[in-house]
Amino acid sequence: MTDSVEFESSMMSVPDKTLLGLYWTMLRIRKVQLKIAEHYHEDEMHTPVHLCIGQEAIAAGVCANLRTEDYVFSNHRGHGHYLAKGGDLNALIAELHNKEKGCSRGRGGSMHLIDTSVGLLGSSSIVGGGVPIATGAALGAVLRKSDQVSVAFLGDAATEEGIVFESISFAVLKQLPVIFVCENNFYAVYTPLNKRQSHDDIYRHFEGLSIPCFRVDGNNVLETYSIAQEAIERARSGDGPSFLECRTYRMTDHHGGESGVEVGYRTQAEVDHWSAKCPVECYERFLIEKRVLSFEDVKVVGDQIDSEIESAFEYARSSPLPDGDGVLRYVMAE
Amino acid sequence: MTDSVEFESSMMSVPDKTLLGLYWTMLRIRKVQLKIAEHYHEDEMHTPVHLCIGQEAIAAGVCANLRTEDYVFSNHRGHGHYLAKGGDLNALIAELHNKEKGCSRGRGGSMHLIDTSVGLLGSSSIVGGGVPIATGAALGAVLRKSDQVSVAFLGDAATEEGIVFESISFAVLKQLPVIFVCENNFYAVYTPLNKRQSHDDIYRHFEGLSIPCFRVDGNNVLETYSIAQEAIERARSGDGPSFLECRTYRMTDHHGGESGVEVGYRTQAEVDHWSAKCPVECYERFLIEKRVLSFEDVKVVGDQIDSEIESAFEYARSSPLPDGDGVLRYVMAE
Amino acid sequence: MDWSKNLIEEYELNSGIDIANETRKVSYTVAVREALDYALAEDESIFVMGQGVDDPSGMFGITLDLDKKYGSHRVFDTPLSENALTGIAIGASLTGMRPVYMHNRPDFLLMAMDQIVNHASKWSYMFGGHISVPIVIHATVGRGWGGAAQHTQTLQGLFMHVPGLHLVMPSTPFDAKGLILSAIADNNPTIIIEHRWLYRQSGHVPEGPYAIPFGRGVVRRIGKDVTIVAISYMVVEAMQAAEELSAEGINVEIIDPRTLKPLDEEIILQSVQKTGRLIIADTGWKTGGVGAEIAAMVAEKGFEYLKAPVKRVASLDIPTPACYVLEDRFYAGKANIVSCCKEILSVNTY
Amino acid sequence: MDWSKNLIEEYELNSGIDIANETRKVSYTVAVREALDYALAEDESIFVMGQGVDDPSGMFGITLDLDKKYGSHRVFDTPLSENALTGIAIGASLTGMRPVYMHNRPDFLLMAMDQIVNHASKWSYMFGGHISVPIVIHATVGRGWGGAAQHTQTLQGLFMHVPGLHLVMPSTPFDAKGLILSAIADNNPTIIIEHRWLYRQSGHVPEGPYAIPFGRGVVRRIGKDVTIVAISYMVVEAMQAAEELSAEGINVEIIDPRTLKPLDEEIILQSVQKTGRLIIADTGWKTGGVGAEIAAMVAEKGFEYLKAPVKRVASLDIPTPACYVLEDRFYAGKANIVSCCKEILSVNTY
Ligand SMILES: Cc1ncc(C[n+]2csc(CCOP(=O)(O)OP(=O)(O)O)c2C)c(N)n1
Ligand SMILES: Cc1ncc(C[n+]2csc(CCOP(=O)(O)OP(=O)(O)O)c2C)c(N)n1
Ligand SMILES: [Mg+2]
Ligand SMILES: [Mg+2]
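Residue numbers (my numbering), protein chains in the order written: chain A, 2 to 335; chain B, 2 to 335; chain C, 254 to 603; chain D, 254 to 603.
Right, here's the structure in full:
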């Protein structure tokens, strides 16, 4: 890995509108995360938050290729996936505040996000647990003869769960339209990848199953976008699943808004190394250089997002908690 | 796959004693299986038997490289592994007859064989279930600083279980002295491999984990012996695990002594094709050609084995059933 | 599902303790197969998957040739990846499909506990009811011929404990057909555990479709001296015990709850109110099993009815032994029920 | 193991209801860590593995720096492959090792049910006692802060049902240390489920090693009006409820079984014989849980002692909700115990 992000080679075929859309999505995810981090210590969000600061390019780059009716399944670190797929911001922040208007009616919290109206059919906080479910959604699409595709977001540690191997193996067997997007941030909680896996080229693990596998610079939104685009097109046209290992880094701790350096499992130097590759800042610089974006734009977009977030927090804070008497509701569907 | 078995190239370095030992082991396994098949319909063995006729070369070839204190873990199709590792024949036949003198005191039956005195520490009838246990025995060996190695026998279908992927991944991470011996007979009960896996080169599945993987002609006892030998030597000298895909065929049905052609899931032509590659007959012919074995020897050895088997059946039949009052014994160890 | 709502309403109108004037007799396996056949024909969203469902044995006959009738995309074999395939069924169900995942032993469900318990049972609640998981997981209990510890487990005792699941254990061909149709139509994850020994039974089964509502037990035999709540195959053993006991003038009432989740507590309590005595006969292990829950429920809600200690007839709390001499001890049956009844009746009312 | 046999004999000699003249007070986490520390020091065959056991948080502190003391071959982190790693622990144990596999939530044990239930619990029996599986599986229950459905399950209700396992739930620092040492020394697979909220407790803990025998409950509070069998963290809630009730002149007896498998039935039956009334307070779901088994056991064996319906205090039969308003309803505690006691005492003896 080099020390900066190289966008040039992936930019060519991408229209300006998409270039800007990717920026907006990433910036919005980043700003939402930062705002959550800012307020988390106030203890108004009773939920274990796993922020995705540093990993925004993956959610943005992948989901920009998806249609509303395509499926996404997320994990414990799901805010970015939720927003990139078009999930409602108010409902997200309300969910973090444990409110009835939350996307899961306050039953799920930060790790269990859903927005069925945009194809996000749930998020599992069991590592690897959502992967077969995403695979099954792809099977559903095939059986219903629709051309929807399904995306499973998973962490590097999820690839250690046999269920992920099983899911990929079945997806290949049936040539299902599912894309496995592994966000390799090199850690599971405080455990580095090299204590858990024999090498860090996760994309290689599954090559033997005859699934197209790619290593992607997950901090490069354009590279992610274009490799995901090809995978999604293959899936949609019946050419089966793909596996993407997107290498990245989480800038905050496993849980909450601190950096985690003080805990002692990673060094400041490592964090600094990855800071220099910040997916949002590098891309912003690149767009400005290429004159796709002006300093003026940056400010306007930033302000717009800020005020949207501000009002989402207001919405969440002022909205009611669930009624305790409803505790038994929703266990069983009608 | 060719239609005959080619031994010449693997023979060179193998001493005559070993050549004969392999023959004896295979013939003995074969004859035991045939005798079980012959008597099974008499309903004196109340246990679901899964015979390994056609697959004898794998157990024989692998186990000939093992020391008594090395470990082996078997599965539902375990008679061959048990005998090749040196398990007591009387105790096997008694177990099939549900007798107290059986190797598992009548509690286990055909699918649960054990002989701790020769390192066979158990057999699981949950497909894939014994594989992590074999891996753990290798971990035990390392932690105790012994140079024992551990072998997991598994079927082709077992590789579909995520637990096998997980086990291999951990074995590589810790460089454990374990050899995964997959007997690919192309079927799981009545389901052919191509309905379950995307391609039939099972050894490729795990290459991405950086474990040495080999495709072996599992009907060729010399090839199996020599590839296993290298793998076992690597393991013993601290160079980690290996995965062997031994391609073979079971000549009898999934369960019991019939061929299964009448059931309709496989053709007579397919069975005939593999009959021509019978691991025992081809090897016998080869040894005779090479004058390692005479027709006279064949007869003598065969008769010896026959009478040994005969007396094992007598032993089993005349030995007592467990006492019903002992039913609660052995749930918990002291 | 509309078709099933209609079926259930129809059933409500027509059903008594049994379908008295029904004369068509078929085997349990035929009944199960008919249910699957009807469902597959009725609703494009239904599909059947499982190890061997399309093989020449047709999963003991219950799926025989359904693949030929409905195509290999709707009735298909699976790899041995029970946990992932359960998740795959869940995922398909979230997109509007109604998968039926079949297993030839409940033992293999232990590999799928993560997807069953951590996922299927929780998905609706965890997401505030925005979505549901209409899957059916079907497994057939094995018994005998030295099947041993890993191929004979019943496991309803585990699933009984898990909120968010239905748990169904039909004991007759009639119930099998009607409950499977209900399960497929239901919008929640449902575990159906059948017993291989029931596959030998035949009984009255209407040719057309019908659905039996969950949470509605039946009185299999009317009596006044002791209530026996019998689960699955134990209904057969209990009926035989009842015959034997009636010769001695003891009249047992047999309740078959048919579904354990939801459980028809009312029918049990009413019976105990009448008899004052309760035996629960289950195919599973005793400790912490279905019998424990039913005993506890009655000790809570029907305590004043009880005239004698509750009794549980169940398997021994050990792994299943292979040898038949030991199997005979391991499994409870008619004889245990008979002696339990006598014991419970020997207690003086106070 | 010899060292533990000695420890248990010593304990037998010295123990009363509590160690009265013991003055050293430490936290629950320190007590757990001391047990592991002692075991690792004593016996080369013991090793500790689990996700994060050697990380800077040291699994809530209970394994903190043990890797530094004993080396990374004896205290090591694991990949997220819970099922295989359970099997790996089993395999190592078959060769003479004594693995302790630690999990920061019981929820993850659902991924390992195959190896726990199909393998560990059966290996000894299935092979006629020729071999045994001395492994310890340790998991800490999470609660609160919106941990939600997949990170707060207790699951003892499932393990209660499985023959061939020990099931241990220590409620005090003293018990934690002594029971962990027993578990490690025992030659059978043992599940230890601790509760995160107990980690806040401190209590008397002898500095040296001691082992508490399995199957021996303790009376945590002597009373005469109602027996409360309280499990794990519910002991704390029950003790508080008892305080409150005693102000109103109600005297409850609190029994802590400490191990659920084996269960000290005698201590429960003796107490119910005295009080005539039984409440079981458990941290898990109500239906089919630990409370069901204990209620059923008493309805079988102590029926004549009972003067009122049995009551179960437990979590609601739903997945755990995230929101604290709903969490408050979901979890049972002191208030439920108090009201249950009053209710049970309002029943007229007959
Ligand atoms: C099956 C399972 N085991 C353990 C955990 C505890 N846990 C929660 S998040 C996490 C780390 C996951 O790492 P990774 O998959 O790489 O995702 P990341 O947090 O890095 O985004 C762990 C171990 C879990 N949730 N599920
Ligand atoms: C987990 C699990 N699923 C299903 C079964 C049922 N079953 C028993 S043997 C068998 C076939 C196994 O095939 P393979 O591993 O290739 O071994 P083979 O029988 O061909 O030797 C199956 C599916 C089982 N025992 N365990
Ligand atoms: Mg990670
Ligand atoms: Mg096979």
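Note that beta-carbon positions come from the ideal geometry of N, C-alpha and C, so glycine has one too. Only a predicted model underlies this, so the values are computations on that prediction, with no experimental measurement involved.
Residue i: CB within 7 Å of a non-hydrogen atom of ligand 3
i	result
residue 202/A	no
residue 189/A	yes
residue 157/A	yes
Contact check, residue i vs residue j, beta carbons under 8 Å
i	j	result
residue 597/D	residue 525/D	no
residue 371/D	residue 409/C	no
residue 322/B	residue 107/B	yes
residue 331/B	residue 382/D	yes
residue 488/C	residue 568/C	no
residue 127/B	residue 81/B	no
residue 503/C	residue 534/C	no
residue 494/C	residue 281/C	no
residue 421/D	residue 284/D	no
Under 8 Å from the C-beta of residue i: neighbouring residues of chain A
i	result
residue 398/D	47, 48, 49
residue 581/D	325
residue 337/D	163
Proximal chain D residues relative to residue i, where beta-carbon distance stays under 7 Å
i	result
residue 196/A	330
8 Å Cβ cut-off: residues of chain C touching residue i
i	result
residue 356/B	A question about residue 356/B goes unanswered here, because the residues of chain B that appear run from 2 up to 335.
residue 192/B	304, 305, 308, 330
Closer than 7 Å: residue i CB and nearest ligand 2 heavy atom
i	result
residue 54/B	no
residue 109/B	no
residue 364/C	yes
Contact set between residue i and chain A, taken where Cβ atoms lie within less than 9 Å
i	result
residue 128/B	Neighbours of residue 128/B on chain A: none; closest Cβ ~13 Å, over 9 Å.
Residue i beta carbon near ligand 1 (any heavy atom closer than 7 Å)
i	result
residue 165/A	no
residue 384/D	no
residue 78/A	yes
Spatial neighbours of residue i in its chain, beta-carbon cut-off 7 Å, leaving aside the 5 residues before and after
i	result
residue 298/A	none
residue 550/C	518
Amino acids of chain D, ordered along the chain, whose beta-carbon sits closer than 8 Å to that of residue i
i	result
residue 125/B	371, 372
residue 329/A	569, 571
Residue i: contacting residues in chain B (beta-carbon distance under 9 Å)
i	result
residue 334/D	133, 163, 164, 166, 167, 168, 170, 171
Contact list for residue i against chain B, beta-carbon separation under 7 Å
i	result
residue 417/C	In chain order: nothing, as chain B lies at least about 24 Å away.
residue 355/D	Those do not exist, as residue 355/D stays about 16 Å from chain B at its closest Cβ, beyond 7 Å.
Within chain C, the residues that residue i reaches when beta carbons sit closer than 7 Å
i	result
residue 383/D	Those within 7 Å of residue 383/D in chain C number zero; the least Cβ separation is about 14 Å.
residue 109/B	401, 575
residue 322/B	576, 578
Interface partners of residue i on chain A, CB under 7 Å
i	result
residue 349/C	141, 145
residue 342/C	137
residue 206/B	209, 210
Sequence-distant residues of its chain with Cβ nearer than 6 Å to residue i (five each side left out)
i	result
residue 91/A	313, 316
residue 320/D	307, 328
residue 185/A	157, 203, 246, 248
Cβ neighbours of residue i in the same chain (closer than 8 Å, five flanking residues each side left out)
i	result
residue 583/D	568, 569, 571, 573, 574
residue 370/B	What the structure shows of chain B is the stretch from 2 to 335, and residue 370/B is not part of that stretch, so it cannot be assessed.
residue 195/A	201
residue 1/B	Any answer about residue 1/B is impossible in this case: the structure gives chain B only from 2 up to 335.
Chain-ordered chain C contacts of residue i [CB-CB under 9 Å]
i	result
residue 313/A	Result: empty, since nearest Cβ-Cβ is about 18 Å, beyond 9 Å.
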